Structures are given as C-alpha cells and as structure tokens.
Ligand code: DGT
Ligand code: CA
Ligand code: CA
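In our numbering, the protein residues as written are 1367 to 1730.
Printed below as a string of structure tokens:
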C-alpha cells in the first residue's frame, strides 16, 4: 500500500471571524457570538469567540452570563447573535475553493473538511506543504478567511495536527514522524476522547499518548469494548485507514424508492414516506449532523418530477420533526396531483455539525 497525503482544514474562530469579515472594525475588539435562548435576556450559551475574547477566558459552550462577567471591565467587547445563513454563505464560498485543491473532498461541517491530495502531490510531503500553504493563501486573498491545516498520512493525525497550532496554523507531520509527533501530546487530543475517558486514564497514571501505548489492545477492549478499545489502541499509534470520502454530500442524505404500485393515495404514500424518513434519519445521526431543510420528490407515471421542500426555523435532528414536515409536504403536493406517483423520495439538506462532544464510535 502506498502512502496517502491527507489534509484536515478548520477555519479559525469561525462564526466570530465571519462577523469580523463584515465588520472589520471588530477585529481589534473581543467578539462573542451567542446563541440566545428564547427565554430572553442573557440566557443562552456562547457559540464561539474571537481570540481577543478568549484571552479573557471566554469559551464555546459557556453561559452568556459568564462571558459577560469575564468581559465586565472591557467596554469595547461585543456580543452578537448567530446568523447561520450568513456563516453558510461564507462557508460555501470557502468550500468551493477547497474543493478545487483536492483530489477527494469530504465535507465535515461548516468550518471543516478533509482533502485527499495523494495524486495532486504525488505522495510528496514537500509539495503537500506547498499546496496547503497555497490553499491557505487562496482562502485569505479571495474571502479574507484565516484557516488552519494539518497534513499527514491519514485523517486522524491530520485532525490532531490541525489542532496543534491555531489560529492561522500549518502543521505538517512527515510519515516517519507520526509517532514522535503524537507521543508527547495529552491523551485528550485524540478525537473522541472526552473528559470522562481522559480522567479514567489519569487515574491509571497515564497522561500522554506515549503513556497510552503501555496498554495493550486487550486491556483497552476490556475497558471500553472492542470497537472503542481498538480505535484508541490504533489512534495512539497514529493508525487510521478511513478513506477520505465525499460524506456530507447532501446526495447521501436522500432516499428514493419505487412504489409497489402507482398511486396518489395519501395513506399509501405516507407509509412509505415514514420508512424513508427513518432511514435517512439513521444516516444523519450516525454522521452527527443537524439539518434545516426537508424536501420530498415524486417521480410520476410519465417519469416527470414534482418536488416540494421546506426550510425549518431552527436546525434539528428530530425524527418526529422530519416525519411531520415530510407528511405535511406530501399532503400539499397531493392537493393538486393529477398523475399517479411511481417513485417517492425524501431529501434533507442544509446541515450543521452537532457542536460539543463527539461520540467516539461515530467519529469517522
Ligand atoms: P477554532 O478553535 O479557532 O477552530 O474556533 P472555532 O470557533 O472555529 O471552533 P470549532 O472549530 O470548534 O467550531 C466551529 C464553530 O462551531 C464555531 O465557530 C461555533 C460552533 N461551536 C463550537 N462549539 C460550540 C458550542 O459549544 N456551542 C455552540 N452553540 N456552537 C459551537
Ligand atoms: Ca474552527
Ligand atoms: Ca471545527
């Protein structure tokens, strides 16, 4: 097997950076982007903050009240509500440029992607470093966006490498330096290892990834189960074979079936529609995504198409909401349906990654 070259790219302090892009005068000030809850006032949480604000201890997920307290004596600090539509626009423009720099492009979330550039670079890490710098420059000059890239032989190590030096970082881990790069890092730098898992290791006197290598795979499996145990065992050694694949492409989150008979009966179609929703929902949960748009599609008896879609007020991962909306769309489409329906499809789109702790077993 020959060596791969994989990039992980992550945009710096993304939502806050977007706010700076449209209001450059914010650049020198602490900027806190907030998800205000509908209870009003300052209830809600911080989505993210620029590095100015982070200096004062403001962090993602922190209650807005705490952040305000930390910035009490900083009158120039600004607190802004989220504007996901605008962030998506910036994200789309950036992803377009990123795509052009990749052999294979994998969308992960609004501010994150993997690239396989093995062909483009001929497996050469010097030209990979050059390509990564070119990509950073292109994002900077075309959009004004600052980003961080990790480069290595696989997704896992590249993800860790992009977290190594931020913001505006570029960390290249040569193939033969993989283990020496990982060894001194804290165990929590392994994606999917959260506070609880880390504590378990601390109790065992293990702090770094190098320490982690003292545990054999049987021990890890007995502690965490075979799937997670094996993942941790391999991760500590920088081993990861998951290919960069076009996951996150909305196409994967659509399903279409041919009906047992051509029909325009609501009850008949509703049953199949529910099954389609359940299937898609499973795939979405697995990939840790929330969605905002739902569409349904009819392929009619003459093979022409009819579609109808709806955008929700708030992103969701709820199966009930998916079903409810799909059924509503079905009802509306059937109101003026003349031809019989031959195939029925459902599609969800407009994704956001779920913030916070990732489930270790669904990491890739
Ligand atoms: P960084 O560390 O420079 O990459 O900073 P961010 O803000 O880009 O952090 P990242 O990559 O973990 O997250 C990307 C976006 O996701 C971020 O701009 C806002 C959102 N986000 C992250 N964590 C949370 C959270 O705990 N709550 C909410 N509501 N949103 C979050
Ligand atoms: Ca980021
Ligand atoms: Ca990210």
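All C-beta atoms, glycine included, are put in the ideal place defined by N, C-alpha and C. Since the structure is predicted, the reported quantities are computational estimates derived from the model, not experimental observations.
Open item on the list: DSSP has residue 1429 in a bridge; who is on the other side?
Closed with: Taking the first residue of the chain shown as 1, we reach residue 1429 at position 63. Bridge partners of residue 1429: 1411.
TODO: On the DSSP bridge assignment, give the partners of residue 1674 in chain order.
DONE: For the purposes of this step, residue 1674 is identified with residue 308 of the chain shown, where counting begins at 1. According to DSSP, residue 1674 bridges with 1662.
Open item on the list: Given a cut-off of 9 Å on the beta-carbon distance, is the pair residue 1511 and residue 1383 in contact?
Closed with: Locating residue 1511 in the chain shown gives position 145, counting from the first residue. Locating residue 1383 in the chain shown gives position 17, counting from the first residue. In this structure, residue 1383 lies closer than 9 Å to residue 1511 by Cβ.
Open item on the list: Using CA atoms only, rank isn't needed, just tell me which of 1686, 1687, 1694 and 1624 is closest to residue 1706.
Closed with: Residue 1706 sits at position 340 when you count from the first residue of the chain shown. That would be 1624, whose Cα lies nearest to the Cα of residue 1706.
Task: Backbone CA spacing between residue 1325 and residue 1412 [nearest angstrom] - done: Limits of the chain in this structure are 1367 at one end and 1730 at the other, which puts residue 1325 out of reach.
Task: Whole-number beta carbon distance between residue 1586 and residue 1567, since they are thought to touch under 8 Å - done: One-based indexing of the chain shown puts residue 1567 at position 201. One-based indexing of the chain shown puts residue 1586 at position 220. The pair is not a contact, with the Cβ atoms about 10 Å apart (cut-off 8 Å).
- [ ] Would you decide whether residue 1492 is buried or exposed? Buried here means 16 or more other CB atoms lie within 10 Å of its CB.
- [x] Indexing the chain shown from 1 puts residue 1492 at position 126. Exposed, because fewer than 16 other Cβ atoms sit within 10 Å of the Cβ of residue 1492.
Open item on the list: Suppose you measure from the CA of residue 1602 to the CA of residue 1519; what does that come to, to the nearest Å?
Closed with: Here residue 1602 refers to the residue found at position 236 of the chain shown. Here residue 1519 refers to the residue found at position 153 of the chain shown. Taking the straight line from one Cα to the other gives about 15 Å.
TODO: Measure the alpha-carbon distance for residue 1479 versus residue 1514 and round it to whole angstroms.
DONE: As a working mapping, residue 1479 is identified with position 113 in the chain shown. As a working mapping, residue 1514 is identified with position 148 in the chain shown. One C-alpha to the other measures close to 11 Å.
TODO: Figure out for me which residue from 1538, 1577, 1680 and 1543 has the closest Cα to the Cα of residue 1554.
DONE: Working through the chain shown from its first residue, we reach residue 1554 at position 188. The shortest Cα separation from residue 1554 among 1538, 1577, 1680 and 1543 belongs to 1577.
Open item on the list: Check whether the region 1620-1639 and the region 1544-1553 are in contact - that is, three or more C-beta pairs closer than 8 Å.
Closed with: no
Task: ligand 2 site residues, beta-carbon cut 7 Å against heavy atoms - done: 1376, 1377, 1378, 1379, 1380, 1477 and 1478
Task: As assigned by DSSP and simplified to three states, the class of residue 1621 - done: Along the chain shown, one-based indexing puts residue 1621 at 255. It is a strand residue.
Open item on the list: According to DSSP, residue 1541 sits in a beta bridge with which residue or residues?
Closed with: Position 175 of the chain shown, counted from the first residue, corresponds to residue 1541. None; residue 1541 has no bridge partner.
Open item on the list: Measuring only from the beta carbon, is residue 1414 closer than 8 Å to any heavy atom that is part of ligand 1?
Closed with: Against the chain shown, residue 1414 aligns to sequence position 48. Yes.
- [ ] Tell me whether the beta-carbon of residue 1437 lies closer than 9 Å to the beta-carbon of residue 1399.
- [x] Translated into the one-based positions of the chain shown, residue 1437 becomes position 71. Translated into the one-based positions of the chain shown, residue 1399 becomes position 33. No, these two residues do not count as a Cβ contact at 9 Å.
Open item on the list: ligand 1 and residue 1397: does the residue's C-beta get closer than 8 Å to at least one heavy atom of that ligand?
Closed with: Your numbering for residue 1397 matches position 31 in the chain shown. Answer for residue 1397: no, Cβ out of range of ligand 1.
Open item on the list: Is residue 1816 a contact residue of ligand 1, with contact defined as CB to any heavy atom under 8 Å?
Closed with: Examination of residue 1816 is not possible in this model, given that the chain is present from 1367 through 1730 alone.
Open item on the list: Assuming contact is defined by CB atoms lying nearer than 9 Å, are residue 1373 and residue 1498 in contact in what I supplied?
Closed with: On the chain shown, position 7 is the one that residue 1373 refers to. On the chain shown, position 132 is the one that residue 1498 refers to. Yes, they are a contact pair.
Open item on the list: ligand 1 and residue 1382: does the residue's C-beta get closer than 8 Å to at least one heavy atom of that ligand?
Closed with: By 1-based counting over the chain shown, the position of residue 1382 is 16. Under cutoff, so the answer is yes.
Task: Beta-carbon proximity check, residue 1662 vs residue 1675, cutoff 9 Å - done: Walking along the chain shown from the start, residue 1662 turns up at place 296. Walking along the chain shown from the start, residue 1675 turns up at place 309. Yes, the pair counts as a contact, with Cβ atoms nearer than the cut-off.
- [ ] Would you identify the three-state DSSP class for residue 1721, choosing helix, strand or coil?
- [x] Reading the chain shown from its first residue, position 355 is the one you call residue 1721. Per-residue confidence for residue 1721 stands at a pLDDT of 48, beneath the threshold of 50, marking its modelled position as unreliable; the derived number appears in the next sentence. Residue 1721: coil per DSSP, three-state reduction.
Task: residue 1642, enclosing beta strand (DSSP E) - first and last residue - done: If you number the chain shown from 1, residue 1642 lands on position 276. Note, residue 1642: premise wrong, no beta strand (DSSP E); alpha helix (DSSP H) at 1632-1652.
Open item on the list: On the CB-based measure, 16 or more other CB atoms within 10 Å of its CB, does residue 1370 come out buried or exposed?
Closed with: Position 4 of the chain shown, counting from 1, holds the residue named residue 1370. So residue 1370 ends up on the buried side.
Task: Start-to-end residues for the beta strand (DSSP E) that takes in residue 1516 - done: Residue numbering aside, residue 1516 sits at position 150 when the chain shown is read from its first letter. 1513-1518 is the span of the beta strand (DSSP E), which, as asked, contains residue 1516.
TODO: With a threshold of 8 Å, establish whether the CB of residue 1514 neighbours any heavy atom of ligand 1.
DONE: Residue 1514 sits at position 148 when you count from the first residue of the chain shown. Within the cutoff, so yes.
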